[in-house]
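Line by line, the protein sequences are chains C and B. Per my numbering, residue 38 is the first one in the first sequence, and the count goes up by one each step. Per my numbering, residue 38 is the first one in the second sequence, and the count goes up by one each step. Remarks on the structure that follows.
Number of protein chains: 2
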Amino acid sequence: MRWADGFIAVDWGTTNRRAHRIDHAGACVSSIEDDLGVLSVPPGGFPAAANDIRDKLGDLPLLMAGMVGSTRGWVEAPYVSCPADLDDLGPRLSWVEPGRAAIIPGLSILADGRADVMRGEEVQMFGAVAAGLIPATCFICHPGTHNKWVAVDNGKIVDFRTVMTGEMFDMLRKRGILAEMLTEEAKPDAAFREGAQRGLNASALTAELFSVRARVLLGDMPRASAASYVSGLLIGADLGVGLGLARQSDIIIMGRGELTRLYAAATAVAGCSAREIDGSTAFVAGAVAIARMLD
Amino acid sequence: MRWADGFIAVDWGTTNRRAHRIDHAGACVSSIEDDLGVLSVPPGGFPAAANDIRDKLGDLPLLMAGMVGSTRGWVEAPYVSCPADLDDLGPRLSWVEPGRAAIIPGLSILADGRADVMRGEEVQMFGAVAAGLIPATCFICHPGTHNKWVAVDNGKIVDFRTVMTGEMFDMLRKRGILAEMLTEEAKPDAAFREGAQRGLNASALTAELFSVRARVLLGDMPRASAASYVSGLLIGADLGVGLGLARQSDIIIMGRGELTRLYAAATAVAGCSAREIDGSTAFVAGAVAIARMLD
Chain C
38 MRWADGFIAV DWGTTNRRAH RIDHAGACVS SIEDDLGVLS VPPGGFPAAA
88 NDIRDKLGDL PLLMAGMVGS TRGWVEAPYV SCPADLDDLG PRLSWVEPGR
138 AAIIPGLSIL ADGRADVMRG EEVQMFGAVA AGLIPATCFI CHPGTHNKWV
188 AVDNGKIVDF RTVMTGEMFD MLRKRGILAE MLTEEAKPDA AFREGAQRGL
238 NASALTAELF SVRARVLLGD MPRASAASYV SGLLIGADLG VGLGLARQSD
288 IIIMGRGELT RLYAAATAVA GCSAREIDGS TAFVAGAVAI ARMLD
Chain B
38 MRWADGFIAV DWGTTNRRAH RIDHAGACVS SIEDDLGVLS VPPGGFPAAA
88 NDIRDKLGDL PLLMAGMVGS TRGWVEAPYV SCPADLDDLG PRLSWVEPGR
138 AAIIPGLSIL ADGRADVMRG EEVQMFGAVA AGLIPATCFI CHPGTHNKWV
188 AVDNGKIVDF RTVMTGEMFD MLRKRGILAE MLTEEAKPDA AFREGAQRGL
238 NASALTAELF SVRARVLLGD MPRASAASYV SGLLIGADLG VGLGLARQSD
288 IIIMGRGELT RLYAAATAVA GCSAREIDGS TAFVAGAVAI ARMLD
C-alpha cells in the first residue's frame, strides 16, 4: 500500500488527539477527536492506541506529529534546528512501524541564551503555507497549552518563542488561591479586554494575579468576571512577548476557534490586526505535503 | 483569667499553623508547628482544632492571625484599610469564643486600580517594630505562599503588594510540563542566581518558564539545576516588583529561614542589601503587643 493511496494524519498532543483519514486526492474524508492524549497512554501502549485509530478510520499508514514524539510519547523523535522548512522534516521521520507508522520531527532553537522547542504546530504552519492559506513570509500566533509565536520567512520557520499561557490558566483554575474564583468560561468580554490591557503592560504576572483575588474580596470586581479577566491578563502578557518578536503588524492566529477568538480579541486591544486560521485544516495540508515525499 | 496571665498566639495559615504559649512576662515558653492549616479543617471543625492546640499548650485564651480569618477560615474577619498600625487592629478583633478566642483583622488596600489584602504578616511586622527588631520606617519583604512587599512609615503600614511566587513555584512542581524537572530542592546556587538575574529583567515569566524545559531537553541546562533556576526566575521577577515600590535600598526580609535566604540571595543579585528577621519571633512580639490591649 502506498501513502499516495491514502493514510491517516494524527495530531497527537499531551491531552488530546485528532486523527484525519486522507484519501488518494489528499482530501480529508473523515476525522475523529478524543481526549486520549499522550499522557493517557500507558507505557508500551502506543501500538494498541494506534490500532484503535485504525479500527475507527481504516487500516492505513499513520503519519503522526505532536507530543507523541516527545520523551513522554511513543519514541522520542529528534528536533530539527531552525531555520527549517517542510523539506527538512520529510527525510527525518522516526519510523515506529516500518513503512506503516512514522512520527514527524519537532523543531528547536538554541542560540543567544534562548532555548525553545516545538512539536506539531510546525506541521500546521508549513501546511498552511503549502496550501496557500497564509503567505510564505508571515508572523503566526498558535495558541494552545503552550502558545507559540513564530516568524516564517519565505516558507522557513526562522524564529519562535513559546509562552506557557494555556497551562498556567489551567493550573490556576484547578488549584490554588484563585481556583474558586475561576469557575466561569473565559469570554472576550469587557473584563477580558481590561485584563489584556493590564497584561500587556504588566511588570509581573505573579503580582497581577494575586490582585484579582483582592479585587473580588474587596468588591472591586464581580466574581463572575474573574475568569475572563485572568485569561485576558495571561494572554495580554503573552501578546507582549509576541509583539516584541513580530516583524509584521498583521498577525495570523492559527489553532482551535475557542482559543483563536480570545487571542484575536487581545490583539485588537493591542491595536494590531489579526486573521484566524483553522488549525485542523492546516494540519491536514501539512501532513499531505509530507506524505507526498514518502512513496 | 486575664490575657496578661498568659495566652496562646496562633499564626494559622492556609497549609500550616504555628502556636506559641506566651507567659505572663510576654515570653514564648513553648511552641508547636504542624500542617493542620486552614484547608485541612473541615466545615465547623475550628472549635475542635482550637481545643487541640489547648490540649498541647495549655487551657489558655487564643489570639489568632492569618487565613483562619479568611473566607475559608473560622469566621471572616474584617480588613482594616491602610495606612494602619497596631492600634488599629486591637479594637477590631473578631471574637469567635467570647473573651477566650479572637482573630486579628487583616489589612487591605484599594486605590488607583490596585487592590491587595494581607492576613497574618502584618502582626509580624508590627511586632518587629514594637520589639525594636526593625526601624519604624522601613521596607519589608515577607516571602511565603504569597510574598508581600510592605512599606512601613513611622510604625504604620502605608502600602503593600502581593506576589504569588510561592504558590506558583508549588504549582509548577506538582503538575504540568515542568514538574518532572523540578524534583530537587531550590538552593541559592549559581543556577538560582542566573534565574534571578533573568527574572529581574524578564518580559514575561510564562515565556521564561517554558524555556527551562527547552534548555534541559536540548542539553543547555542540567536537569538538577532546573528547580533552583526556576526558583530564581520567580523570585527575580518578584524582586522586580518589590524594588519598584521600595523607598529604602536596605531591605528587611522577614519570614522562615529557608525562604528568607533565597530572597536574600536574589536581593544580592539585584545589588541591594538585605537583613533577615525570623518571622516567628516577630509574630510573638506582635501578638503580645495586641494582647496587652485586651484586659
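Glycine included, every Cβ here is placed at the ideal spot set by N, Cα and C.
Per DSSP, residue 148/C is one residue of the beta strand (DSSP E) stretching across 143 to 148.
No Cβ of chain C is located within less than 7 Å of the beta carbon of residue 117/B. Under the Cβ criterion of 7 Å, residue 220/C is not counted among the residues facing chain B.
The continuous beta strand (DSSP E) containing residue 101/C extends over residues 99 to 102.
The beta carbons of residue 176/C and residue 188/C sit closer together than 7 Å. If one requires a minimum length of 4 residues, the alpha helix (DSSP H) runs lying completely within the stretch 66 to 97 of chain B are 83 to 94, in chain order. At a C-beta separation below 7 Å, residue 204/C has these neighbours in chain B: 213, 214. Counting C-beta atoms within 10 angstroms of its own C-beta, residue 47/B has 16 or more neighbours from the protein chains shown and is therefore classed as buried. Of the other Cβ atoms in all chains shown, 16 or more fall within 10 Å of the Cβ of residue 183/B; this residue is therefore buried. Counting along the chain, residue 134/B sits inside the beta strand (DSSP E) bounded by residues 131 to 134. Not one beta carbon of chain B lies nearer than 7 Å to the beta carbon of residue 304/C. At least 7 Å separates the beta-carbon of residue 41/B from that of residue 275/B.
For residue 247/B, the closest Cβ of chain C is nearer than 7 Å. For residue 321/C, the uninterrupted alpha helix (DSSP H) segment begins and ends at 316 to 328. With distances taken between CA atoms, residue 190/B lies nearest to 285/B out of 285/B, 317/B, 326/B, 328/B.
The three-state reading of DSSP puts residue 189/C in strand, counting E and B together. Here residue 257/C is not near residue 199/C, since their CB atoms are 7 Å or more apart. Counting C-beta atoms within 10 angstroms of its own C-beta, residue 245/B has 16 or more neighbours from the protein chains shown and is therefore classed as buried. The three-state secondary structure of residue 111/C, taken from DSSP, is coil. Taking the Cα positions, residue 225/C is about 6 Å away from residue 302/C. Within the same chain, and ignoring the five residues on either side of residue 91/C in sequence, the residues whose Cβ sits closer than 8 Å to its Cβ are 45, 97, 99. Its Cα nearest to that of residue 135/B, the residue 39/B stands out among 242/B, 297/B, 39/B, 71/B. Cβ-Cβ distances below 6 Å link residue 110/B to 75, 104 in the same chain, with the five nearest sequence neighbours on each side left out; the list follows chain order. Residue 320/B and residue 291/B have their C-alpha atoms spaced approximately 10 Å apart. Using beta-carbon distances, residue 52/C does not count as an interface residue toward chain B, since no partner is under 7 Å. With respect to residue 232/C, residue 270/C sits close: the two C-beta atoms are nearer than 7 Å.
Bridge pairing for residue 197/C: 187/C [DSSP]. Between the alpha carbons of residue 71/B and residue 67/C lies a distance of about 57 Å. If the five residues before and after residue 129/C are omitted, its C-beta is found closer than 7 Å to the C-beta atoms of 115, 117, 142, all from its own chain and listed in chain order.
Contact annotation: residue 122/B and residue 181/B have beta-carbon atoms that are not nearer than 7 Å. When only Cα atoms are considered, residue 132/B and residue 77/B end up about 22 Å apart.
Bridge partners of residue 221/B according to DSSP: none are assigned.
Distance between residue 149/C and residue 252/B, taken at the CA atoms: about 12 Å.
Residue nearest to residue 283/C within the set 82/C, 113/C, 174/C is 174/C (criterion: CA-CA distance). Proximity of chain C to residue 274/B at the Cβ level (cut-off 7 Å) is accounted for by 241, 243, in chain order.
At a cut-off of 7 Å, the C-beta of residue 270/C has no neighbouring C-beta in chain B.
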